[in-house]
Every structure is written in structure tokens, then in C-alpha cells.
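Let me begin by presenting the structure, written as C-alpha cells, before commenting on it.
There are 2 protein chains.
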Amino acid sequence: MTDAFETLKKSIKSLAEEKKYATLRDILTTMNAADVASLFEDIPEETVPLLYRLLPKELAADTFVEMEPDTQHMLIKGFSDNELKEVVDELYVDDAVDLVEEMPANVVKRILIQADAEKRKMINTILQYPDDSAGSIMTTEFVELRPKMTAEEAILHLRRSGINKETINNCYICAKGRQLMGVVTIRDLIMASSEETMEDLMEENIISVSTLEDQETVARQFSKYGFLAMPVVDREERLVGIVTIDDVLDVMEEETTEDIEKMAAIVPADKPYLKQTTFDLWKSRMPWLLLLMISATFTGFIITSFEDALSKYVVLTAYIPMLMDTGGNSGSQASVTVIRGISLKEVEFRDIFRVIWKEVRVALLCGLTLAVCNFGKLLLVDHLTILVAFTICLTLFVTIFCAKVVGCTLPLIASRLGFDPAVMASPFITTIVDAISLLVYFQFATRLLGLG
Amino acid sequence: MTDAFETLKKSIKSLAEEKKYATLRDILTTMNAADVASLFEDIPEETVPLLYRLLPKELAADTFVEMEPDTQHMLIKGFSDNELKEVVDELYVDDAVDLVEEMPANVVKRILIQADAEKRKMINTILQYPDDSAGSIMTTEFVELRPKMTAEEAILHLRRSGINKETINNCYICAKGRQLMGVVTIRDLIMASSEETMEDLMEENIISVSTLEDQETVARQFSKYGFLAMPVVDREERLVGIVTIDDVLDVMEEETTEDIEKMAAIVPADKPYLKQTTFDLWKSRMPWLLLLMISATFTGFIITSFEDALSKYVVLTAYIPMLMDTGGNSGSQASVTVIRGISLKEVEFRDIFRVIWKEVRVALLCGLTLAVCNFGKLLLVDHLTILVAFTICLTLFVTIFCAKVVGCTLPLIASRLGFDPAVMASPFITTIVDAISLLVYFQFATRLLGLG
Chain A
9 MTDAFETLKK SIKSLAEEKK YATLRDILTT MNAADVASLF EDIPEETVPL
59 LYRLLPKELA ADTFVEMEPD TQHMLIKGFS DNELKEVVDE LYVDDAVDLV
109 EEMPANVVKR ILIQADAEKR KMINTILQYP DDSAGSIMTT EFVELRPKMT
159 AEEAILHLRR SGINKETINN CYICAKGRQL MGVVTIRDLI MASSEETMED
209 LMEENIISVS TLEDQETVAR QFSKYGFLAM PVVDREERLV GIVTIDDVLD
259 VMEEETTEDI EKMAAIVPAD KPYLKQTTFD LWKSRMPWLL LLMISATFTG
309 FIITSFEDAL SKYVVLTAYI PMLMDTGGNS GSQASVTVIR GISLKEVEFR
359 DIFRVIWKEV RVALLCGLTL AVCNFGKLLL VDHLTILVAF TICLTLFVTI
409 FCAKVVGCTL PLIASRLGFD PAVMASPFIT TIVDAISLLV YFQFATRLLG
459 LG
Chain B
9 MTDAFETLKK SIKSLAEEKK YATLRDILTT MNAADVASLF EDIPEETVPL
59 LYRLLPKELA ADTFVEMEPD TQHMLIKGFS DNELKEVVDE LYVDDAVDLV
109 EEMPANVVKR ILIQADAEKR KMINTILQYP DDSAGSIMTT EFVELRPKMT
159 AEEAILHLRR SGINKETINN CYICAKGRQL MGVVTIRDLI MASSEETMED
209 LMEENIISVS TLEDQETVAR QFSKYGFLAM PVVDREERLV GIVTIDDVLD
259 VMEEETTEDI EKMAAIVPAD KPYLKQTTFD LWKSRMPWLL LLMISATFTG
309 FIITSFEDAL SKYVVLTAYI PMLMDTGGNS GSQASVTVIR GISLKEVEFR
359 DIFRVIWKEV RVALLCGLTL AVCNFGKLLL VDHLTILVAF TICLTLFVTI
409 FCAKVVGCTL PLIASRLGFD PAVMASPFIT TIVDAISLLV YFQFATRLLG
459 LG
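See the structure below:
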């Protein structure tokens, strides 16, 4: 499929060069908006406005929504006021909000002037909600029905007004003052006999979110209940908008990327990798690198204070990386598993003792396996004495034990204290486990080998 | 909200003890199936069948789908054949398939006997598709319309047959022999005038997937195009089923968890953490721990071969952990960013030179910042000589550079060779970077400090 797309791209490029606009229009019209948008990201910038003007109106608007902000900006700069109005008129309110949030102030002004009064008001309402809240990802375009309406009246109402609504699959029944009473799906409407009223048909047991709810929580509700849309209500339980599943998919992807970045000691950025400048990347990577580098000072201290002992038994140095890495890996396995469990709501703070008990058993099993394998290797391959090999393997065992316990506990404690558990992942755990493994190593070496 | 749920749980428990079944039934009826199911996971096992029998039929079936396999199994064991038939009749085909896949053979036999002939046939069809293929997550229940049908006829057809279809939002138009011709949304049907035919109304430019397509690719299409459902076709382009967004959400979560686990050197398991036994966890964590421990032998070799040199300059040992950790962290930042980019299809193999060039610049910037900070610390806090401090900082700089380049390159090469790029994350990169940093360290130490 990607290869077919590559071929298509090549032919579009050469058709553009040969100025075969009618053919181009025919080809573009058969394409999906998302594909046209990704095509536009790949062809020379000066060709984009030309091809864009070949698109039929609706496809043009859909494509516009799918484009990267840079390309949108470039197109808008070339638009006449009339062209801009055509695009803005076709945009759903939530897409218009996304656009307004990405554009520089002067462009925003032009966009808002072109929007009609009602749309402008809706855009401004949504813009007031904090970033990452349910209010900021909702749309204010939805179908609202009255409790006394019959199914026939409801369908007529839909036919008259539904064309502008982003989703008509769920219709919301409101009392006076927009108090949310229930929901009717379009399927219910079609199945109903024409004289049944919304009151009879509606599902009253509805789950709604408040405008200020965190978008991640909203996304979790969608995946828990399998919704296609969810009503958003204000503090007085009045219906103010709906969140639809397509926006939730984006939120889920964004939040997962953020979690993964945090687990890798990166401060999350909200641009795709290839769009980030060197300086952006530096800014998001430096803080943790610096902090972790400074924390590694402690491991340095530990080694320094055992310097004399080490110089008597230099062979011990050779196993420091293996001990630290195995400890770090064991710890991250536990922490990452627990972090993912927390973010899927499978694990909570109150499970902490169950989790620790589980990890203790796993640690004993993993520690024993690795220590035994390593013991064999140290004797047979490295030809160490039994006592030295035993010291190393005992350290390995204890390190793995501590690493698993620390690794599973810290994310749970962080979540309890209201911090993001994702930060308690590999890099952070590794730094702690390094110090632990060295302390354990030198303690055992002192006792068993008579160092120090 | 969670607190309210806790309170609810407590009152349900005491109501059950007091045998107030009418009240319990009233409370349960107001709840959402997903909530009832999670309630059932939390109350004593012997109470579950009792409460389950209080549920109205439809809620009972919906709740059944949401429960954990263990609870489903326990309930089925207590069901009469008649009760089992009631549940199976209410299940959608794809949910029935999920159930059959989780139950032991004797239970599967009972389930299939209770299913009517048509449903049994559909279940068996889906069971034949490989795990993680589009065929295995699709449902064979969908609305199929003929091209010559008018909107009025189509709505009548829906009213007669649509009640059993999992989603009627998208209706598929097929020629004779089930050749997929186009799609009409229920919204189009409602908006159409009654005599318009499906041929006039349908969108012909449809994107479908083949039955054998990987489920992750299917999920990516949903998030790219914002679909609610996608048609699945066989090799002859005949429509055999549809994948709906609720199943895709589960796939996305599952695939993300797998990626995250692989990045933490865990062999993915398909059970939630708290359901895995100690042995399950041991099996999924041992392979990589062992492999990485053995690879750490190389770093041991490197240290051993510089043992004599090290014993002359023991202070150098104290900085090994800091160099290795900072290198490892720098490398994982690059690799995790690229891995996530690949899985979001933002980065491809053909971007390799762009990616390397970006990482080179970031590496120079990060390396320089960290080296300068570290240099200051080594002189002012650790009171090292300028030459030793310079050796350490130069090593730091070169290590970060190598780590970033290796970190961004390996995942891209892995994806090109058809391996899973997620494996090229922190633990693997760390092991490689450890060896690099030590080699660089000892080289510089030999040249600059005259060791060896």
C-alpha cells in the first residue's frame, strides 16, 4: 500500500509539472482527505496552493483539517478573504478551534473575522477552557431534542438541522435550561415507531464529564465504556458540548507518547519528532540528563570511599557494569510494568502490598536463576575463585531483589502523592539501583573477602 | 467519582448480606455494564451469581461481555443450559468469539451447542483467522444493502434487520457475490429524499482492509482517517465483515502495552499484571535479563584488559557509572523517540539521514552542555587536576555523541530488516553504549594521562 502511494505521488508530481490540471483534479477527487494531506506534506511547497485549489469544496475543507500547521499557515497566507471564508464555513467548530490555537495572532484575527457570528462565539467559548480539559477538546455542535418530541418529529428535526452537526449518532434530550436528561441513538430513532416520544426512548442512565475534567480521564472513560461520544456538562449540569471518539483517539496517542517520553527521561514536547528543531530537542532532553548526571555523583562517592579496597582487588571492578546494568534492567521491568498498569487503571495504590509481594517472589526467582547462571560462568569462563564468584553472585541476587522492590514501589508512591508515575521509570530507577548495587557489592566484598 | 463508586460498593455488599434483593436490583439496573462488571470483580465470588441473576436480560449480557475471563468461567459453570443459551443469544458475534477464545475446551463445547446454527457458523469463521489479524477482530454482523434500493427501502430494511447488527452507522452496498461497491452512513440515509437510490448516495471511494492484515495496521488506519468502522474483504474483494472502533481501541491499548514492555526488555504477555502468576512474570522477564547480563561480559573484558592501568589511576573508576549512565540515558532518549515515531508512522527508514543529522546536532549541543557542567563540578567539587577532568569530560562528550547516533540508527535499521524496532530501546542500547563509553574512556586515559 505504501508503495502504491509512492507511485501515485510520483505521477502527481509529473502531472503537476506538465500542468495537466483536469487529470490531477480527477485523481485527487478519488482520494481520501488524510491521504491528500499527507501528499501535500511531500510535494514542493509552491505546488500545494495550486493542487489545493483543484479540490472540490468539501474535500478541500476536510484536507485542510488534516494538514500540518505549517502547511495550513502557508495556504492561509495565500488565501483571499473569500477563500478563507469558504474554508472556515466548512470547518466543524472543534477543528476551527484547533486551527486557531496553532496559528499566529494576525492569522487568528483574519480567521475570526471570516467566521459567522455564531461560530465565532462557539470558538471563543471553547478557547476559554484550560489546555487538556474536556472543554478544550469538545465540540459545541450537537443534536439536542426535547423530551416530548416524537420519533417522527425528531427525525424531521434531524433532517432540517443535522447536516451541520459533527455527529448525529447520539442525540441528547434536554429539559428547559439545557439540563441533560437522556440520550437517544440514531438507531433507536430508526427502530422506534413514529409516535414514540423521546422520553419513552431515551436512556437516562448516562455518563457525562465536566468541562474541566482532564482529557486523559475522558479518554479512559471512552475505552472503558466503548462510547462513540460523551456529553460534557458545566457545573450546573447543563449540556455544553460533546466529545467525539475521533478526538479521543488523538488524545490517547498524545498521552501515550507523553508517557513513553517521560519514561525515557524526556520532557514531553507537543510536536512530531521531525518537526522539532535541534534546540527544541535539546530543551526537552537536557533537564533529566543533567539531573541524572549529577545524581550519579553518589555512585562516584561510593566507589571513591572504597578506592583503597578496590585497588587491592582490581578484578572486582570488571563486574561493576554487569551488576549495575542487570540491576537497572530488573528495576525498570518492574517499574515500567507498574506504570503501565497504573495508566490503564489496572493497578492502584491500594494494591501496593499485593504488588510488592508479587515482585518479591519474581525477584527471588529471577535473582536465583541469574545468580546460578552467572556463578557457573564466573568459575568456568572467568576462572575466578569460588569465594570471589560467590561474592559477585550474592551481590547480583540482592541487587535484583532491591531493584524489583524499589522499581514497583516508587511509581505507586508517586501516584499516591499526585506526581506522574511515568517519571519513576528506567533512568531514575537505574540511578538509585546503581548506588544500591555498589553499596551491597562493597559490603559483601569487605565481609567475605576481607577488604577495607 | 472513584470514591462514590467505593461507597456504592460498600452499600451493595451490605444489601447482599441483608438479602434485600429488590433494592439491589433497582440499584444495579441504574448502573452501566462496565461498572457492574468491575463491581463483580471486587465482591466475594459466591455473591456474584446471585447478583448476576438479578440483572435485566440485556444488562446481564452486556455485563457478561465486560467481565474478566475467570469470572465468566465461574458463572458459566453455575449456569443451566437455558441460562447459557440466554447469554449466548444476546452476545454479538465478535464478543462470542472473544469468549470462546478464553474458555477451556469443555466450556467452549457447551457454548457452541447453545448458539444457533447461524451464529455458530459465524463464530467458527472468525476463529479460523490468525491471531492479531483483521479477520480475528472483525464481526460478521453488518448491514448490507443493494445498489438499487431507495433510501426508503433501505430504512425499512434496517428497521426489520438492524436490531441484531452491532453497528448500523455504516451500511455497505454490495453487488451480487458480495463485491463491495460503496458505503452509506445512516446520516446519509436520514438526510436523503426517500426515492434516492444507494447508488446515488454511496461513497465509492472506500478504504478497506484484507482479512489477513495485521491488527496494528488496521488500528493505524482508524486513527489516520478517523473511521468508526472499516470493511474487511477477502482475497476476491468480497465483503466478509467489519471492524468497529471499540475493538480498535482495545487493540491500540494492547499494542501500546506490548511496545512499552518490549522497550523495558520484557517479553510481552497478554494478561493484566495482577492476573499474571509469578512464573508468568519470570518467563517474560528472564530471557532479556539473561541475554543482557551475558552481553555485559564484554564491558567486563574491556575493564579487565585495562586493569593494570586502572590500578595506577584508581580515581578513574569512580566516574565509570556516571559515564555509562549518562551515555545510556542519552542513547535511550534518541532510540525511544525514534521508536515512537516509527510506530506512529511519523518516521520511516528513508528518513534515516535526516534523523542522524538531527541527532548529531542535538548530541553536540547536549554533549557540550553536560561536559561543561561536569568540568566545573570536577574541578570545583571533586578537586581533580585539569588534565584528568578534561579526560573525563572529553569521554562524556564522545560517549553522548556515539550514544545518540547509535540510539537513533538501530531502531530504523531494525524496522528496515523487518524486526520490531521496540526491542532496540534502553536496555539494549545501554549495553552497547556501556562498551563504547569504556573503550573511549580508556583510549583517552591512555593517550592523555599516559596510562597503559
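Line by line, the protein sequences are chains A and B.
When the count follows our numbering, it moves up by one through the first sequence with no breaks and lands on 460 for the last residue.
When the count follows our numbering, it moves up by one through the second sequence with no breaks and lands on 460 for the last residue.
All C-beta atoms, glycine included, are put in the ideal place defined by N, C-alpha and C.
query	result
Can you pull the chain B neighbours of A:SER319, defined as C-beta to C-beta under 7 angstroms?	SER319 and VAL322
Tell me whether A:SER351 is buried or exposed, calling it buried when 16 or more other Cβ atoms sit within 10 Å of its Cβ.	buried
Residues in the stretch 276-295 of chain A with C-beta within 7 angstroms of chain B's C-beta atoms, listed in sequence order?	PRO280, TYR281, LEU282, THR286, LEU289, TRP290, ARG293 and MET294
B:LEU300 touches chain A at which residues, Cβ-Cβ below 8 angstroms?	ASP333, THR334 and ASN337
So, B:GLU293 versus A:GLN341, is the Cβ gap smaller than 8 angstroms?	A small fix is needed here, since residue 293 of chain B is Arg in this sequence, not Glu. Taking 8 angstroms as the Cβ cut-off, B:ARG293 and A:GLN341 qualify as a contacting pair.
With distances taken between CB atoms, is the gap from B:THR307 to B:ILE408 smaller than 8 angstroms?	no
Let me know the secondary structure DSSP gives A:GLY458 once reduced to three states.	coil
Can you round the beta-carbon distance between A:GLY185 and A:ARG246 to whole angstroms, since I take them to be within the 8 angstroms contact cut?	7 angstroms
Quick one: is B:SER202 near chain A, going by C-beta distance under 8 angstroms?	no
Quick one: does B:GLY190 have its CB under 8 angstroms from some CB of chain A?	no
May I have the straight-line CA-CA distance separating A:PRO329 from B:ASP442, to the nearest angstrom?	8 angstroms
Any chance you could list the alpha helix (DSSP H) runs of at least 4 consecutive residues sitting entirely within the stretch 17-68 of chain B, in chain order?	29-37, 41-48 and 56-62
Given this structure, state the Cα-to-Cα distance separating A:LEU298 from A:PHE230, to the nearest angstrom.	38 angstroms
Check this for me: beta carbons of A:ILE145 and A:VAL251, under 8 angstroms apart or not?	yes
Quick one: complete alpha helix (DSSP H) runs, 4+ long, within the stretch 103-190 of chain A?	113-122, 125-135, 142-145 and 159-169
Excluding the 5 residues preceding and the 5 following B:LEU47 in the sequence, name in chain order all residues of the same chain whose CB lies nearer than 7 angstroms to its CB.	LYS17 and ILE20
Output needed for A:MET9: all residues of its chain with C-beta closer than 6 angstroms, excluding positions within five of it in sequence on either side, in chain order.	Confidence is the limiting factor: at A:MET9 the pLDDT is only 45, short of 50, which leaves the residue's position unreliable, though a coordinate-based value still follows. Answer for A:MET9: no residue qualifies.
Mind pulling the chain B residues with CB within less than 7 angstroms of A:VAL232?	At residue 232 of chain A the sequence reads Lys, which differs from the Val that was named. Result: ALA42.
With a threshold of 8 angstroms between beta-carbons, can A:ALA272 be considered close to chain B, or not?	yes
Only counting the same chain, and skipping five residues up and downstream in sequence, which positions put a Cβ closer than 6 angstroms to that of A:LYS412?	SER338, ALA342, GLU367 and ALA371
Could you name the residues of the stretch 433-455 of chain A whose beta carbon sits closer than 9 angstroms to any beta carbon of chain B, in the order they occur along the chain?	ALA433, SER434, PRO435, THR438, THR439, ASP442, ALA443 and LEU446
In this structure, how does DSSP classify A:ASP359 when only helix, strand and coil are distinguished?	helix
Quick check: B:THR227 and B:MET260, are their CB atoms within less than 8 angstroms of each other?	The question names Thr, but residue 227 of chain B is Ala in the sequence shown. The answer is yes: Cβ separation under 8 angstroms.
Below 6 angstroms CB to CB, which residues in the same chain sit around B:PHE104 once its five sequence neighbours on both sides are set aside?	Note that residue 104 of chain B is Ala in the sequence shown, not Phe. Answer for B:ALA104: ILE131, listed in chain order.
Measuring alpha carbon to alpha carbon, tell me which of A:ARG358, A:LYS385 and A:ALA433 ends up nearest B:GLU14.	A:ARG358
Can you list the residues of chain B that A:VAL344 reaches, using a CB-CB cut of under 8 angstroms?	ILE268, GLU269, MET271, ALA272 and ILE274
Return no unless some Cβ of chain A is closer than 8 angstroms to the Cβ of B:ASN177.	yes
Just the C-alpha distance for B:THR403 and B:GLY384, rounded to the nearest angstrom, thanks.	15 angstroms
For A:ILE311, go through chain B and note every residue whose CB falls closer than 8 angstroms to its CB, in chain order.	THR325, ALA326, ILE328 and PRO329
Does any residue of chain A have a CB that is nearer than 8 angstroms to the CB of B:GLN496?	No information on residue 496 of chain B is available, as it lies outside the stretch 9 to 460 that chain B covers here.
DSSP state of A:GLU91, grouped into three classes?	helix
What are the start and end residues of the alpha helix (DSSP H) that includes B:MET294?	286-313
Quick check: what's the CA-CA separation for A:LEU447 versus A:CYS410?	12 angstroms
With burial defined as no fewer than 16 other Cβ atoms inside 10 Å of the residue's Cβ, what is the status of B:GLU126: buried or exposed?	exposed
Does the separation of the CB atoms of A:LEU83 and A:LEU59 fall below 8 angstroms?	no
Does DSSP put B:ALA237 in a helix, in a strand, or in coil?	strand
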